[in-house]
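Chains as they are written, first to last, in the numbering used here: chain U, 1 to 250; chain Z, 1 to 191. The beta carbon of each residue, even a glycine, is placed where N, CA and C say it ideally should be. Since the structure is predicted, the reported quantities are computational estimates derived from the model, not experimental observations. Below you'll find the structure, written out as structure tokens, and then a few comments.
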Amino acid sequence: MDDKNIKDFDRYIEQSMNENFVEPPFGMWNRISAELGHTPVEEVPPVANPMLPKAILVGFVAGALVIGSLITGWIVYNGHSVNSTTSETSVYHYNGKQQNLTKSAEVATENIREEVVVAPPATIEPINISAKTVAVATIKTLNSEKSLRNSITSGDVPVPTQKLPIDKESKVQEPYYFPPVDIDVPATDSHSQIASDNELDNQDLEESKDNDSKKLISSSGEQRIKFRKKRKSSWNYPHIIRTKKNRNHY
Amino acid sequence: MSAITFQGQSEQHIIEGCILGDRKFQSILYNLLSPKMFAVCLRYAADYNSAQDLLQEGFIKVFKNIEKFRGEGSFEGWVRRIFVNTAIEHYRKQVNLYALHDSDVKSYEYYEQNALESLKHEDILKLIQQLSYGYRTVFNLYVIEGYSHKEIGEKLGISEGTSKSQLARARYLLQKMITENNEIAKHSNNS
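Below you can see the structure in the form of structure tokens.
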């Protein structure tokens, strides 16, 4: 009887508890959601391997050395190559310039040769020219003589049509005679003469200014028109009369 | 697995969403199971506020370990076990259970079954909460959860005899409280 009462008691309580639910208070989900949002991530404990840090360090150092050597090698190679390329290019440019120079020199020499071929050497040239001119002059004189003879024969008055070229060398070869200088007459200074000319010009300008005309008469006597610059108008800002402010207004 | 649905979502779909950490599915699962689990928490807790703490702790454990659910058995039963274990762990360090000498105490001699049937669910719950931790826990585990004394002993770290004596004492005290409460109610009605 006692066991039956106990079983009935337990069954009734179990049924009452499992069939009836209790609503949680409002806001519980917010608490749980906030707790879920701020749950810290569980940190994985580090593996206790004493050899691992050394291996990592050695590997890191070896890698750094290899990378450093590679970088330095690359820099050195590139620097050398850059220098070599620059030198080559410079040489190339130099060669190009040289080639250009040689080409220009060749062209110049060719021109010179052509000139040389066409013209006689400079040292010989005046002699040849003189010879030519002399030859031309003789030919022309002969022709003129012939023409004179012909004109005489024809009865016309002979008139020289062409001027004979003056032989410079013959002139140079001739002795130069200084003009005779009279000791009694004082020598005129060229500078003083130029200054006197300028004074004359100024006098002419002054005379033209006096006449209030723009026409200027130069020393040569020709009229020159000179445009004067417009004078600046002497306009000023109106004078502002300032009165002393009364300090009591402040 | 029971094919329950909630808000148009199947249980499997809800679980998969919770495994992915989707807050929407977590909310659905909370709304589905929180009334039942809060009743469990109220039985194991000493008061209403402690039950709230247990509910929060239990749901956080559920959401964190939901991927461990293998689909064997009821999902609700799996969640309920988590809550019970959470309640046991919560109070295990606080109280040391000890065996009672009067383990052969059977029932309160003045107890009447009619007195229990006249009580509401909330009243019975309040009487259970008035029990001490040891009595309350063993009574809940044995009477409501259906654990054997051996399983209770393993969970609480006590012997089977201690579990039996704790249960007998808890039952006796409950019957006594129910009888006294019934007599008070009778006197108040007569007066």
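Three-state secondary structure (DSSP) of Ile-158/Z | By one-based count along the second sequence, residue 158/Z stands at place 158. Residue state, collapsed to three classes: coil.
Is Gln-9/Z helix, strand or coil when you go by DSSP?
-> On the second sequence, residue 9/Z is found 9 positions in, with the first residue counted as 1. Residue state, collapsed to three classes: strand.
Output yes or no for whether 7 angstroms exceeds the beta carbon distance between Arg-81/Z and Asn-140/Z.
-> On the second sequence, position 81 is the one that residue 81/Z refers to. On the second sequence, position 140 is the one that residue 140/Z refers to. Against a cut-off of 7 angstroms, the Cβ pair of Asn-140/Z and Arg-81/Z comes out as no contact.
Is His-93/U helix, strand or coil by DSSP?
-> If you number the first sequence from 1, residue 93/U lands on position 93. Reliability of the predicted coordinates at His-93/U is poor, the pLDDT of 47 falling under 50, and the value obtained from them is presented with this limitation in mind. Shown here, His-93/U sits in a helix according to DSSP, grouped into three states.
Note down, in chain order, every chain Z residue with its Cβ under 7 angstroms from the Cβ of Trp-29/U.
-> Translated into positions along the first sequence, residue 29/U becomes position 29. One finds Ser-27 and Tyr-30 in chain Z with Cβ atoms closer than 7 angstroms to the Cβ of Trp-29/U, taken in chain order.
Looking at the unbroken alpha helix (DSSP H) that takes in Phe-75/Z, where does it start and where does it end?
-> Counting from one through the second sequence, the residue named residue 75/Z turns up at place 75. Residues 75-92.
Would you verify that the beta carbon of His-90/Z is, or is not, closer than 7 angstroms to some beta carbon of chain U?
-> Within the second sequence, numbered from 1, the residue matching residue 90/Z stands at position 90. Interface annotation, His-90/Z: not in contact with chain U, CB-CB separation never under 7 angstroms.
Whole angstroms is fine: what's the gap from Arg-169/Z's alpha carbon to Ile-19/Z's?
-> Here residue 169/Z is taken as the residue at index 169 of the second sequence, counted from 1. Here residue 19/Z is taken as the residue at index 19 of the second sequence, counted from 1. Distance between the alpha carbons of Arg-169/Z and Ile-19/Z: 43 angstroms.
How is the alpha helix (DSSP H) around Arg-242/U delimited, first residue to last?
-> What you label residue 242/U is simply residue 242 of the first sequence in a count that begins at 1. Boundaries for Arg-242/U: no alpha helix (DSSP H) harbours it, and the DSSP string shows neither H nor E there.
Under 9 angstroms (Cβ pairs) to chain U, residues found in the stretch 117-129 of chain Z | Taking a C-beta cut-off of 9 angstroms against chain U, the contacting residues of the stretch 117-129 of chain Z are Glu-117, Leu-119, Lys-120, His-121, Glu-122, Ile-124, Leu-125 and Ile-128, listed in chain order.
In the DSSP assignment, find the alpha helix (DSSP H) that holds Lys-64/Z and state where it starts and stops.
-> Within the second sequence, numbered from 1, the residue matching residue 64/Z stands at position 64. 48-64 is the extent of the alpha helix (DSSP H) around Lys-64/Z.
Cross-chain neighbours of Lys-36/Z in chain U, by beta carbon under 9 angstroms = Your numbering for residue 36/Z matches position 36 in the second sequence. Within chain U, the residues placing a beta-carbon under 9 angstroms from that of Lys-36/Z are Asn-18, Phe-21 and Val-22, ordered along the chain.
Residues from the stretch 40-55 of chain Z in contact with chain U, defined by Cβ distance under 7 angstroms = Residues Leu-42, Arg-43, Gln-52 and Leu-55.
Select from the stretch 133-154 of chain Z all residues with a C-beta closer than 7 angstroms to any C-beta belonging to chain U, and list them in chain order.
-> Listed by position along the chain: Val-143 and Ile-144.
Determine the chain U residues that contact Ile-201/Z at a beta-carbon separation under 8 angstroms, and present them in chain order.
-> Given that chain Z is displayed from residue 1 to residue 191, the structure contains no residue 201/Z and the question cannot be resolved.
Taking 6 angstroms as the line, does the beta carbon of Lys-155/Z fall inside it for any heavy atom of the ligand NAP?
-> Absent from the structure shown: the ligand NAP. Ligands present: none.
Taking only beta-carbon positions, decide if Tyr-77/U is within less than 7 angstroms of chain Z.
-> In the first sequence, counting from the first residue as 1, residue 77/U sits at position 77. Cβ-Cβ to chain Z under 7 angstroms: no for Tyr-77/U.
Other residues of its chain near Tyr-147/Z: CB distance less than 6 angstroms, five sequence neighbours each side excluded | Start at 1 with the first residue of the second sequence, and residue 147/Z comes out as number 147. Leu-141, listed in sequence order.
Quick one: does Ile-13/U have its CB under 7 angstroms from some CB of chain Z?
-> Locating residue 13/U in the first sequence gives position 13, counting from the first residue. By this cut-off, Ile-13/U is an interface position.
Are the C-beta of Gln-113/Z and some C-beta of chain U separated by less than 7 angstroms?
-> By one-based count along the second sequence, residue 113/Z stands at place 113. Closer than 7 angstroms: yes.
Cα separation between Lys-4/U and Val-40/Z?
-> The residue given as residue 4/U occupies position 4 in the first sequence. The residue given as residue 40/Z occupies position 40 in the second sequence. Lys-4/U and Val-40/Z have their C-alpha atoms spaced approximately 26 angstroms apart.
With respect to the alpha helix (DSSP H) encompassing Lys-7/U, which residues constitute its N-terminal and C-terminal limits?
-> For the purposes of this step, residue 7/U is identified with residue 7 of the first sequence, where counting begins at 1. Here the alpha helix (DSSP H) through Lys-7/U covers 2-19.
To the nearest angstrom, report how far apart Leu-54/Z and Ala-87/Z are at their CA atoms.
-> As a working note, residue 54/Z is residue 54 in the second sequence. As a working note, residue 87/Z is residue 87 in the second sequence. For Leu-54/Z and Ala-87/Z, the distance between alpha carbons rounds to 6 angstroms.
Cβ separation of Phe-26/U and Pro-35/Z, assumed to be a contact under 8 angstroms, to the nearest whole Å = On the first sequence, residue 26/U is found 26 positions in, with the first residue counted as 1. On the second sequence, residue 35/Z is found 35 positions in, with the first residue counted as 1. The Cβ separation is near 13 angstroms, so there is no contact.
If I'm right that Met-177/Z touches Leu-127/Z with Cβ under 8 angstroms, what's the distance once you round it to whole angstroms?
-> On the second sequence, residue 177/Z is found 177 positions in, with the first residue counted as 1. On the second sequence, residue 127/Z is found 127 positions in, with the first residue counted as 1. About 5 angstroms; that satisfies the 8 angstroms criterion.
Do Gly-58/Z and Phe-83/Z have their CB atoms nearer than 7 angstroms?
-> As a first step, residue 58/Z must be located in the second sequence, where it is residue number 58. As a first step, residue 83/Z must be located in the second sequence, where it is residue number 83. Less than 7 angstroms divides the Cβ of Gly-58/Z from the Cβ of Phe-83/Z.
Could you pull the start and end residues of the alpha helix (DSSP H) that Arg-136/Z belongs to?
-> Locating residue 136/Z in the second sequence gives position 136, where the first residue counts as 1. Where Arg-136/Z is concerned, the enclosing alpha helix (DSSP H) stretches over 133-139.
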